[in-house]
Amino acid sequence: MPNPYFYLMVLPESFYTRADVVQIARELLGKKLVTVIDGELTSGIITETEAYAGPIDRASHAFGGRRTARTEIMYRNGGVAYVYLCYGIHHLFNVVTHVKDSPHAILIRGLEPVDGLAKMMARRRKEQLTPLLTSGPGALSEALGITTRHTGVSLQGPEIFIQQGIEIPGKDIIAATRIGVAYAMEDALLPYRFYILDTKFVSKGKGL
DNA sequence: CAGCAGATTGACT
DNA sequence: GTCAATCTGCTGC
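In terms of our numbering, the first sequence opens at residue 4 and continues consecutively.
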């Protein structure tokens with residue numbers, strides 16, 4: 004990475020439109036997720052992701068080609084946000100990948116805070132900087148100010164974008180089963196969850 | 001249309 | 001470890 008602007012580079016749309024959602028989920032580790040919402044810049048390094056492989060994945064909201072008002076965003080061309088409400092309370096942020104009509108998505112589950120610490124703590128009503136600030140999909144969305152109103156926004160900014168970040172060696176990437184998808188039967192066993200070895204910023208839940 | 005489960009979190013026993 | 005919070009969408013009457 005000789006380019007001095009490497010760390011500022013916003014990932015181009017071509018990063019997201021590729022076909023292999025599992026590979027993209029792996030590559031997102033170490034990248035920097037940035038939001039500029041309410042005039043406040045907040046960001047963090049992505050530490051945990053999960054791939055959802057469209058129509059053939061029983062764990063995906065788009066399994067079997069299901070289309071609803073909520074999932075329609077996943078059928079768009081890659082490089083936009085899919086944010087949905089879970090348990091009626093938590094806003095879960097996903098990155099849409101592949102091309103139009105191929106509903107792949109990657110759930111961002113963990114983040115190591117970098118910029119806008121004070122704002123993130125205020126949004127999360129925390130006095131201390133603890134891993135709980137941005138560990139878990141609902142928690143990081145709240146810290147970054149992401150809500151369902153951002154579903155469909157472009158990841159080229161200006162509100163949400165992802166920059167080139169730090170290089171994660173292959174030996175430091177752990178593959179595991181996804182969390183909370185026991186209902187997906189055999190697909191719950193797929194190693195579609197990735198996180199950085201030894202990071203404190205991973206969700207507490209366990210896979211199978 | 002009622003009932004229920006869910007890609008979760010945090011408060012409490 | 002248990003449980004409530006409360007929106008979306010699926011299932012079944």
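Positions of the beta carbon are idealized from the N, C-alpha and C atoms, including for glycine.
None of the values given here were measured: they were computed from a predicted structure.
Following the DSSP letters along the chain, one finds residue 166 inside the beta strand (DSSP E) bounded by residues 163-166. Within the same chain, 86, 111, 144 and 149 come within 6 Å of residue 96 by CB-CB distance, once the 5 residues on both sides are set aside.
With three or more CB-CB distances shorter than 8 Å, the region 49-62 counts as touching the region 171-187. Around residue 89, the same chain offers 95 as residues with beta carbons nearer than 6 Å, after the five sequence neighbours per side are excluded.
For residue 35, the enclosing beta strand (DSSP E) stretches over residues 35-40.
In the structure shown, the three-state DSSP call for residue 100 is strand. Residue pairing by DSSP places residue 13 opposite 166 in a beta bridge. Judged by DSSP in its simplified three-state form, residue 18 adopts helix.
Between the region 68-78 and the region 129-147, the count of C-beta pairs closer than 8 Å stays below three; the two stretches do not touch. Taking the Cα positions, residue 189 is about 42 Å away from residue 43. In the DSSP secondary-structure assignment, residue 186 is not bridged to any residue.
Three or more Cβ pairs drawn from the region 35-42 and the region 162-169 lie within less than 8 Å of each other, which places the two stretches in contact. Within the same chain, Cβ atoms closer than 7 Å to the Cβ of residue 29 are found at 176 and 197, the five residues on either side in sequence being excluded.
In this structure, residue 11 keeps its C-beta atom at 9 Å or more from the C-beta atom of residue 98.
Rounded to the nearest angstrom, the Cβ distance from residue 100 to residue 107 is 4 Å, consistent with a contact under 8 Å. Less than 9 Å separates the beta-carbon of residue 51 from that of residue 204. Residue burial is scored here from C-beta neighbours: residue 192 has fewer than 16 other C-beta atoms within 10 angstroms and is therefore classed as exposed.
For residue 46, the enclosing beta strand (DSSP E) has its first and last residue at 43-55.
Residue 84 and residue 155 do touch by the CB rule: their CB atoms are close to 7 Å apart, below 8 Å. Scanning the region 86-164 for uninterrupted beta strand (DSSP E) segments of 3 residues or longer gives 93-100 and 107-116, listed from N- to C-terminal end. Of the residues assessed, residue 136 falls on the buried side of the cut-off, its CB having 16 or more other CB atoms within 10 angstroms.
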